[in-house]
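Residue numbers (the working numbering): 30 to 93. The structure appears below as structure tokens.
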């Protein structure tokens, strides 16, 4: 299930520009904390770029 969640998150990130953990949780139909943990893993692995923000959008999709 975790690999499928990672793939779904990566698909969503690559298809959208402004992404929040809340949007990802809704999209994947998973708990916010689980999605946040998987996003942290993906950022640590360098698969999701990190850009800090204050509006619940810890990263932006589509590498700029």
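Here a beta-carbon is modelled for each residue, glycine too, at the ideal position from N, C-alpha and C.
Proximity of residue i and residue j at Cβ, strictly below 8 Å
i, j, result
"residue 76", "residue 39", "yes"
Buried versus exposed call for residue i [16 or more other C-beta atoms within 10 Å across all chains shown]
i, result
"residue 50", "buried"
Pairwise C-alpha distance: residue j and residue i
i, j, result
"residue 43", "residue 74", "16 Å"
"residue 58", "residue 69", "18 Å"
"residue 78", "residue 37", "16 Å"
"residue 67", "residue 55", "14 Å"
"residue 60", "residue 35", "14 Å"
"residue 46", "residue 65", "17 Å"
"residue 30", "residue 53", "15 Å"
CB-CB length for residue i against residue j, believed under 8 Å
i, j, result
"residue 41", "residue 48", "7 Å"
3 or more residues per run - each beta strand (DSSP E) lying fully within the segment 30 to 79:
Within the segment 30 to 79, no complete beta strand (DSSP E) run reaches 3 residues.
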